[in-house]
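Participant: Handing you a structure now.
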Amino acid sequence: MSAEVLAKVVNLLSFVALGLTILLIVRTSLVGQVRVFALQSFVLASLSVLIAVYSSSLELFGVGIALVAIKGVVIPRVLNRAVAKIGLQRVAAPYLGTAPALIICGLLTIVAFYVMTPIAASNPLPTADAIPLAFAGVLIGFFIMVNRRRAVTQILGFLMLENGIFLLALLATYGVPFIVEMGVFLDVLVAVLIMEVFVYHIKDNFDSIDVGELGKLKE
Amino acid sequence: MMLLSLLLIPLAASGLIAIARRRALMELLHALAAMATLGTGAAIVTQVWNGAVLTAAGDLFRVDALSALMVTIITFLGAVAALYAVGYIRAELDDAHLSRVRLFFTLFHLFIFTMLVAVTTDNLGVMWIAVEGTTLATVFLVNLRQTRTSLEAAYKYLILSSVGIALAFIGTALVYYAGAAKAGEISVNWSALRAAAGLLNADVVRLAFVFIIVGYGTKAGLAPMHTWLPDAHSEAPAPISALMSGVLLNVGLYAMIRFKTVVDAAVGPEFAARLLIGLGLFSVLVAAVFLVRQRNYKRMLAYSSVEHIGIICLGLGFGGYWGVLGALLHMVNHALSKSLLFILSGNILLKYHSAEISDVRGLLRASPWTGGLFLAGMFALIGLPPFAPFISEFIIFRAGLESHPWATAAGVILLVVVFGGMLASVNQMLYGEPANHPRGDALRGWLAPLAANFALLLMLGLTLPSPFVAALEQAMKVLGG
Amino acid sequence: MLTEITIELLQLLMVMLGSPLLVGVIRKAKARLQGRRGASIGQPYADLRKLLTKEMVVSENTSWIFRFTPYLLATTMLLSALIVPVLTTRTPLGFMGNIIALMYLFLLGTFFLALAGLDAGSAFGGMGSSREVAIAALAEPTVLIAIFGIALRAGTTSLDSIITRFAAEPLLMLNAGHLLAFFAFFIVALAENGRLPVDNPATHLELTMIHEAMILEYSGRLLALVEWAAGMKLFLFLTLLSNLFFPWGVALTNTPVALVTAFVALAVKLLLFAWAIALVETSVAKLRLFRVPELLAGSFTLALLAVVTAFFIK
């Protein structure tokens, strides 16, 4: 496939990934949110495989497979188990409603473009145009962590942030060295497992996973 | 070989403790491991300071003078805290909570392991993984007491640190991109990047450093990313607070410094200097404002850490021979004094069962050793002679006086504010009539390692021995100063 | 010159006569999806003819606006039909085919319809008008921004030039900005034409009426005009969607072959869109009124993303 076609397809898939991040703001059910994350991981893995085919890089292929395995299967399973254990929750309203949050997403995307376009412009790779989209995903993941009040959603926001960073590295340099990539995945997996344990602790202690309740330590 | 064993000892210890059954065995393994790590560390450091640069595992690990300085801090204070921890944990957790005891000692050495990897690796990606590893290793340690407040503190710590470090990864990836784009396949190794720094794209490097300073600055406790720090450091058990405040913050700074060397070589020192001075001053300001209102002595110490990290950043930002020397010296001095004070706070907590300043009275009379050392430590922390931090702070502000007079003036004023605030609280705690607490220090014998801290603080305050200065100068050469 | 005027009139006739057919097809498709046989696709024609013969009852409390609005609606729609490139891009009035002007024509009709709803002084009418205006206030910015997204990429706001340029662009369907603008525009089309999930065209319940509430007072000939105008609006919106975003088949020259191809292509595209709308209407429930801003905010974000890509990604 030619560089132009690759660029267009990469663009499209990056937009889909960004759209899935934004979708996390819209969906309110925890199970649905986990599903959105799993879907995004699959999209990123397919992007990784696509670029692996284009640049004939075996490493990226392995990275894609690891991505599917860890972020597409294992982590969603862990999170689903946590969600099932928590049971039904009174939906704690996020700090900002859906409509303003969506508009903020649009604004964050503009900010991301403003920041990252110089980088994208100086990058000779055909995948570089989508770099700002990846960074927008990072910013929106960060926004989700700040805006939503349920601990599991915060974790998902963090995971989407990590996905955005992975995508950024993938688009800018066809990924970082293999050992680093694997180490990052391992770190993320362990972090999620730890966060899962914490969610259980929070549920036991505070009887809800509304992190707004965690407000005693001020000053 | 020795380098690898330095890393393997805490890792192996962690694994062995995890399967140990009896408390005595755990404590023995723990103490032995701490001592062994200290010994190996000392051997390595001596070699490096005699001019060698140690490498291991191909180009994965590389110990130069700067890394050696960090290894000294980690292993020395690790040993001090480890020895005290045995007594502290005995007092805090009885045999009914054996699983938590095992968790503590296992994670303790895992924590040391991740910190050592972070400072000895040449690969910036592995450094990132190790720094994230320190967060993951310490999270459960912060929540050891499993109360509501410690849970909140640990969760905030986990989330904020992870987000910060994720941003640091963007910076790392961008630096890698800058290297790969310009000169072909440059790896993510620091030594290679440093050598090729002149070829890197300036804009990308600048943007990358912004991410780095925000990301690793979160780990180092720079304001405004410091909000997890007072909670986490005050809720953690005393020996862990000592290590987190004294050592882990320095590791975060180390990561920033490694990138700073590349950035300075690529775009000149003014860019990083401006950022460091700005954030450093802001940290001192925030710390001063919050510190004077503190009613919890552990939180007060935590905010003091933010302040001192700010001072170190000011030193790095001021630059020049004296600025950097002062900053490196202050890293050591702050580590010594802060760990001393946190360990003592553990004693105070055990005796008075409260972390509120108002609940602690007559410390000097009730526990003379604890109180006396606490007073000395406080003097050191707020920068009074004859203790070492006075020297390093003086050097830093002297360095800044010519180039950035306004920042220096502001910093000094804030220091005076902190001085007053802390002294007032300390006076409250030390004097007066102790309530009906039994006389005598809690854990008196276990305070013995602190003698080393005290001695060093005094010695470094009275004189700067030349081999030490030579070692610091070697580290400064790495920084390009 | 003569041929072009003929073609123009042909387009006009297509819109005039084709819109009830389109409405009929959509209803039939919905019925089929719901498992019913449904009325024949020619039913809207019968409805219009019936309405034209019925007696008009006009409230005494209304002003001239009430009688004027249906004629205005029909006129703006016919005018728009002259501008929109239904079959071909080379029309004599093509120079007026500015997409912003088109949106303003539509909005003019909406505005007067809202006024007419208020005019009769009934509770339903006022309620419908306020709801309609609220939705329009949210939808109009989205429309304009989606249009900017397309116009920026094409470099012009003239409908004809946009279509010509898009038809020549390779890999159009892979262009992210294009798809984003399409989805934004589609959602807005649903909102502007009173389709589910924004408004139910088949309901007369107070809770759920928007468009139907505004025209509740109309009867006889005026109602026929209003219904016909609504059908034409839908036809034009779908034509825009088809020809702007899937420009293949639109006649770029005025040869008979091209025109026939364009006719067939348009018929196919409109059929597909009719089925798409029927599918959407059957599968989603009507959104509660305070949730409509969320949907429109979502489409606004999509449009914003489309503009951003057009700006930054060349």
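Chains as they are written, first to last, in this note's numbering: chain V, 1 to 219; chain F, 1001 to 1481; chain E, 2001 to 2314.
Ideal Cβ placement from N, Cα and C applies to all residues, glycine included.
Quick check: the segment 16-33 of chain V against the segment 148-158 of chain V, are there 3 or more CB pairs under 8 angstroms?
Facilitator: Taking 8 angstroms as the limit for Cβ pairs, the verdict is that the segment 148-158 of chain V does touch the segment 16-33 of chain V.
Participant: Around the C-beta of residue 1354/F, are 16 or more other C-beta atoms found within 10 angstroms, so that it is buried, or is it exposed?
Facilitator: Exposed: under 16 other Cβ atoms inside 10 Å.
Participant: Terminal residues of the continuous beta strand (DSSP E) containing residue 1055/F?
Facilitator: Counting along the chain, the beta strand (DSSP E) containing residue 1055/F begins and ends at 1054-1056.
Participant: How about residue 2098/E and residue 2157/E: are their beta carbons less than 9 angstroms apart?
Facilitator: Yes, the pair counts as a contact, with Cβ atoms nearer than the cut-off.
Participant: Run down chain V in chain order and give the residues with a C-beta less than 7 angstroms from the C-beta of residue 2020/E.
Facilitator: Within 7 angstroms Cβ-Cβ: nothing; residue 2020/E doesn't reach chain V, min ~36 angstroms.
Participant: Closer than 9 angstroms, CB to CB, is residue 1203/F near chain V or not?
Facilitator: With 9 angstroms as the cut-off, residue 1203/F counts as an interface residue toward chain V.
Participant: Pull up the distance between the alpha-carbon of residue 84/V and that of residue 1279/F, whole angstroms please.
Facilitator: Cα to Cα, the separation comes out at about 43 angstroms.
Participant: Check residue 210/V in the structure and name its three-state DSSP category.
Facilitator: Residue 210/V falls in the strand class under three-state DSSP.
Participant: Determine the burial state of residue 1168/F: buried for a count of at least 16 other Cβ atoms within 10 Å of its Cβ, exposed for fewer.
Facilitator: Its Cβ being crowded by 16 or more others within 10 Å, residue 1168/F is buried.
Participant: Report the residues of the segment 1399-1422 of chain F with a CB closer than 7 angstroms to any CB of chain V, ordered along the chain.
Facilitator: Answer in chain order: no residues at all.
Participant: With a threshold of 6 angstroms on Cβ separation, who are the neighbours of residue 1333/F within its own chain once the five nearest residues in sequence on each side are excluded?
Facilitator: Taken in chain order, the residues that qualify are 1388, 1389, 1392.
Participant: In the structure shown, what three-state DSSP assignment does residue 1250/F receive?
Facilitator: Note: residue 1250/F maps to helix in three-state DSSP.
Participant: Could you tell me which residues DSSP puts in a beta bridge with residue 2161/E?
Facilitator: In the DSSP output, where bridge partners are listed per residue, residue 2161/E has none listed.
Participant: Where does residue 2251/E sit, in a helix, a strand or coil, going by DSSP?
Facilitator: The answer is strand: DSSP assigns residue 2251/E an E or B state.
Participant: Might you give, ordered along the chain, the residues of its own chain that have their beta carbon closer than 7 angstroms to the beta carbon of residue 1474/F, omitting 5 neighbours on each side?
Facilitator: Contacts found: 1049, 1065.
Participant: CB of residue 3/V to nearest heavy atom of the ligand GTP: below 8 angstroms?
Facilitator: With respect to the ligand GTP, the structure shown offers nothing to examine, as it has no ligands at all.
Participant: Between residue 1155/F and residue 79/V, what straight-line distance do the alpha-carbon atoms span, to the nearest angstrom?
Facilitator: Looking at the two C-alpha atoms, the distance is approximately 17 angstroms.
Participant: Within 8 angstroms, do at least three Cβ pairs link the segment 1280-1287 of chain F to the segment 1325-1341 of chain F?
Facilitator: Contact fails: fewer than three Cβ-Cβ distances are below 8 angstroms.
Participant: Suppose contacts are defined by Cβ-Cβ distances below 9 angstroms. Is residue 1348/F in contact with residue 1428/F by that definition?
Facilitator: No, Cβ-Cβ distance for residue 1348/F and residue 1428/F is not below 9 angstroms.
Participant: With DSSP as the reference, label residue 1473/F as helix, strand or coil.
Facilitator: It is helical.
Participant: Cutting at 6 angstroms between CB atoms, please list the residues of its own chain near residue 2219/E, excluding the five before and the five after it.
Facilitator: If we look at residue 2219/E and ignore the five residues flanking it on each side, its Cβ neighbours are 2056, 2057.
Participant: For residue 2285/E, count the other beta carbons within 10 Å of its own beta carbon; 16 or more makes it buried, fewer makes it exposed. Which is it?
Facilitator: Residue 2285/E comes out exposed.
Participant: My output table needs one value for residue 2208/E: the three-state DSSP class, helix, strand or coil.
Facilitator: Three-state result, residue 2208/E: coil.
Participant: Would you be able to state if there are at least three C-beta pairs under 8 angstroms between the segment 1255-1269 of chain F and the segment 1285-1294 of chain F?
Facilitator: At 8 angstroms Cβ cutoff, the stretches do not touch.
Participant: Using 8 angstroms as the threshold, is the segment 2191-2199 of chain E in touch with the segment 2280-2299 of chain E, meaning 3 or more CB pairs across them?
Facilitator: Short answer: they touch.
Participant: What in chain E is Cβ-close to residue 12/V, meaning under 7 angstroms?
Facilitator: Correct list: 2174, 2176.
Participant: Between the C-alpha atoms of residue 1410/F and residue 1479/F, what's the straight-line distance to the nearest angstrom?
Facilitator: For residue 1410/F and residue 1479/F, the distance between alpha carbons rounds to 26 angstroms.
Participant: Name the two residues that bound the continuous alpha helix (DSSP H) containing residue 1100/F.
Facilitator: From DSSP, the alpha helix (DSSP H) with residue 1100/F extends over 1098-1120.
Participant: How would you list, in chain order, the residues of chain V whose beta-carbon sits under 8 angstroms from the beta-carbon of residue 2149/E?
Facilitator: Per Cβ cutoff of 8 angstroms: no residues; residue 2149/E is ~12 angstroms from chain V at best.
Participant: Answer yes or no: does any C-beta atom of chain F fall closer than 9 angstroms to that of residue 186/V?
Facilitator: Residue 186/V counts as touching chain F.
Participant: Hey, is residue 191/V's beta-carbon within less than 9 angstroms of any beta-carbon in chain E?
Facilitator: Closer than 9 angstroms: no.
Participant: Which bits of chain F does residue 33/V rub up against, with CB to CB less than 9 angstroms?
Facilitator: Here the premise fails: no neighbours, minimum Cβ distance about 17 angstroms.
Participant: Sort 2228/E, 2263/E, 2004/E by Cα distance to residue 2043/E and report the nearest one.
Facilitator: Per the Cα distances, 2228/E.
Participant: Does any residue of chain F have a CB that is nearer than 9 angstroms to the CB of residue 69/V?
Facilitator: No - not a single Cβ of chain F is within 9 angstroms of the one on residue 69/V.
Participant: If you run the structure through DSSP and keep just helix, strand and coil, what is residue 1061/F?
Facilitator: Residue 1061/F falls in the strand class under three-state DSSP.
Participant: Taking DSSP as the reference, what is the three-state secondary structure of residue 1206/F?
Facilitator: Helix, per DSSP.
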